[in-house]
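Here the sequence shown is numbered in the working numbering, starting from 1 and rising by one per residue. Written out below as structure tokens is the structure these notes cover.
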Amino acid sequence: MDDAPSLAVPGSSIARQVIWLAAPVLVEQSLLYLVGLSDTLLTGRYLSQEHLAAVTVSSYLLWFLGSILTIVSVGGTALVARMIGQGQRAEAARVCQQSITLALVVGTATFAIGWITAPAIVRALNLTGLAATNATLFLKIVLTITPLLACTTVGVACLRGAGDTRTGMWVMILVNAINVVLSWSLLQGFGPFPALGFAGIALGTAIGEGVGGLVVLGLLVRGRSGMSLNWRGIFPVWHEIRRILRISVPAAGESLTNVMSQLWFLSLINRLGATATAAHGVAIRCEAIAFLTITAFAVAASTLTGQYLGAGRPDLASRAAKTAWWLGVAVLSALGVLIYGLAGPMFFVFTGGRQPEVAALGVPVLRVVAFAMPALATINVLNGALRGAGDTRWPWVFVVLGYLFVRIPLTYLLASPEAWGGLGWGLYGAWIAMLADLCLRAALVTARFLHGGWRLARV
């Protein structure tokens, strides 16, 4: 070993370690959410339903893009955390180096493939007319910075594994500031900025994310929290790449299955019309408050689980994961009460009261998801713990079971019009199906965690 084990917050209680790691991630995720929120607010207030539907579909596809990057990021986090726990700091830095190399390859390939296939993908999601045209435009603009986005995602993931959750927060402060200023300015024109309409929103998002990627690369070149980039070491070291991929590929499979199934789910909602798509998109933006909150606890669970396993303390790894889980469930349950009570005002904020038909469809479905908050917390935090341990195969199985055997079949049954063989509940029926899926997956991941096999995962 290079030197003694160094955990995230040495000498602190488990609960304090969780909060120490989670708090900056919560700020970071809140700012990341504001990037998407800014796009949705601008579109909902100044443009049409078709533009709002385009932003909804684009958000799903950009989520898909982020899931592709888990091919690198999950393995980077798990391996760095394990090496830090073992005191092998130089090895942790080499893992970071190889993760960035792999990120550039994956990001460049994703840009090339996405640029070519964007129109076909949008059509496959049953989006038509102006909504389809604008969704394709938005995607092509944002795809141009995919290699830099990959560097941000993977670099921040490696820093998290080392116990540094603050760098990602500061990067997102910068990204969000650039995005908000440029998107608002380029939408209608302000000062030296031309009025580019919908394209201006996408351009502001792309520039902000691109600058974030450059900043992360710059910090790693200088050295940050023991992680560093050495340009002489940019070439692949295949045994390191294989270790990263052994953990990341199942996690990427889980994420891609999740997003592909979500896109399938979205395509079923798109069949219900632009109003349903717009209402679904706004409801998802509101629900995303829960996702960004619980992601903070999931990151803490992942980092501490990996570091304590590396230090040879599986008992503390289990305690850390359980503490993050209980805290996450408590916070999201409280948030669920707020979402249920404030569903109407939340929709008013997003649409400015200009689209009452969207709110009429969306408020009931947002109240449905309030009941899913404990399940959502369980899935995310315990999956985070399993990922930190390198046990990434079972969450993939659970996603397949939840979507293919619960959410998608129930959506066909509950949401489809009676003329198509369904019960005709529309968007509300689709969200009931989502609730059932989340409850099943929460039960499955809880069983896997309590079984304890993740303690023996090889990385």
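Just so you know, even glycine gets a beta-carbon here, dropped at the ideal spot from N, CA and C. Note that the coordinates shown come from a computational prediction; the quantities given were computed from them, not determined experimentally.
* Please list, in chain order, all residues of the same chain as C439 whose beta carbon is under 8 Å from its beta carbon, the five residues on each side excluded. => A372 and A375
* Mind reading off the beta-carbon distance from G168 to E28? Whole number of angstroms is fine, and I expect it under 8 Å. => 5 Å
* Per-residue burial, I84 [other beta carbons within 10 Å of its own, 16 or more giving buried] -> buried
* Contacting residues, own chain, Cβ-Cβ under 8 Å from V154 (five flanking each side not counted) -> L69, V72, S73, G76, S99, I100, L102 and A103
* Asked: Where does F350 sit, in a helix, a strand or coil, going by DSSP?
  -> helix
* To do: Look up F193 in the DSSP assignment and give the residues it is bridged to.
  => F190
* Asked: By a C-beta neighbour count over all protein chains shown, 10 Å radius and 16 as the cutoff for buried, is D2 buried or exposed?
  -> In this prediction, D2 scores a pLDDT of 41, lower than 50, which makes its location untrustworthy; the coordinate-derived value is nonetheless stated afterwards. Its Cβ having fewer than 16 others within 10 Å, D2 is exposed.
* Excluding five sequence neighbours on each side, which residues of the same chain lie with their C-beta closer than 6 Å to the C-beta of A301? -> A321, A324, V381, G384 and A385
* Asked: Which residues bound the alpha helix (DSSP H) around R243?
  -> W238 to N270
* **Those residues which DSSP pairs with M227 across a bridge** => R224
* Which residue's Cα is closest to the Cα of V240: C96, W394 and L450? -> Correcting the residue identity first, residue 240 is Glu in this sequence and not Val. Taking only the C-alpha atoms, the option nearest E240 is C96.
* For T295, I'd like the list of residues in its chain whose CB is within less than 6 Å of its CB, leaving aside the five on either flank, ordered along the chain. => Q29
* In angstroms, rounded to a whole number, what distance separates the CA positions of R16 and L304? -> 12 Å
* Asked: How many angstroms separate the CA atom of L130 from the CA atom of V406?
  -> 33 Å
* Complete alpha helix (DSSP H) runs within the segment 62–110 (minimum length 4 residues, chain order) -> 70–86
* Asked: Which residues in the same chain have their Cβ closer than 6 Å to the Cβ of L186, if we skip the five residues on either side of it in sequence?
  -> F193, L196, G200, L203 and G204
* To do: Take A298 and list the residues in its own chain whose beta-carbon comes closer than 6 Å to its own, dropping the five residues that flank it on each side.
  => N380, V381 and G384
* Asked: With a Cβ-Cβ cutoff of 8 Å, do L316 and A430 count as a contact?
  -> no
* Asked: Which of helix, strand or coil does DSSP assign to V299?
  -> helix
* Among P119, N270, G87 and M346, which one has its Cα closest to the Cα of L309? -> G87
* Asked: When you compare each of P356, W394, A433 and L413 to L444 by their alpha carbons, which one comes out closest?
  -> W394
* Sequence-distant residues of the same chain with beta carbon closer than 6 Å to V363, five excluded per side -> A343, G344 and F347
* If we count the other Cβ atoms within 10 Å of its Cβ and call it buried at 16 or more, is H51 buried or exposed? -> buried
* Asked: What three-state label does DSSP hand I113 in the structure shown?
  -> helix
* Following the continuous alpha helix (DSSP H) through P409, name the residue where it begins and the one where it ends. => I408 to A415
* Unbroken alpha helix (DSSP H) run spanning D437, endpoints -> G426 to H451
* **Reduced DSSP secondary structure (H/G/I, E/B, other) of F405** => helix
* Asked: To the nearest angstrom, how far is it from the Cα of R455 to the Cα of G390?
  -> 9 Å
* **Alpha-carbon spacing of E357 relative to V365, whole angstroms** => 14 Å
* Beta-carbon proximity list for P119, same chain, < 7 Å, skipping 5 on both sides -> T136
* Asked: Run through DSSP, which three-state label would L338 get?
  -> helix
* To do: Please check if any C-beta of chain B sits within less than 8 Å of the C-beta of A330.
  => Note that chain B does not occur in the displayed structure, where there is just one protein chain.
* Segments of 4+ residues assigned as alpha helix (DSSP H) that fall wholly inside the segment 144–204 -> 146–161 and 166–188
* **Span separating the alpha-carbon of A90 from that of I19** => 27 Å
* **Terminal residues of the alpha helix (DSSP H) in which T392 lies** => Looking at the DSSP string, T392 is not in any alpha helix (DSSP H), and its letter there is neither H nor E.
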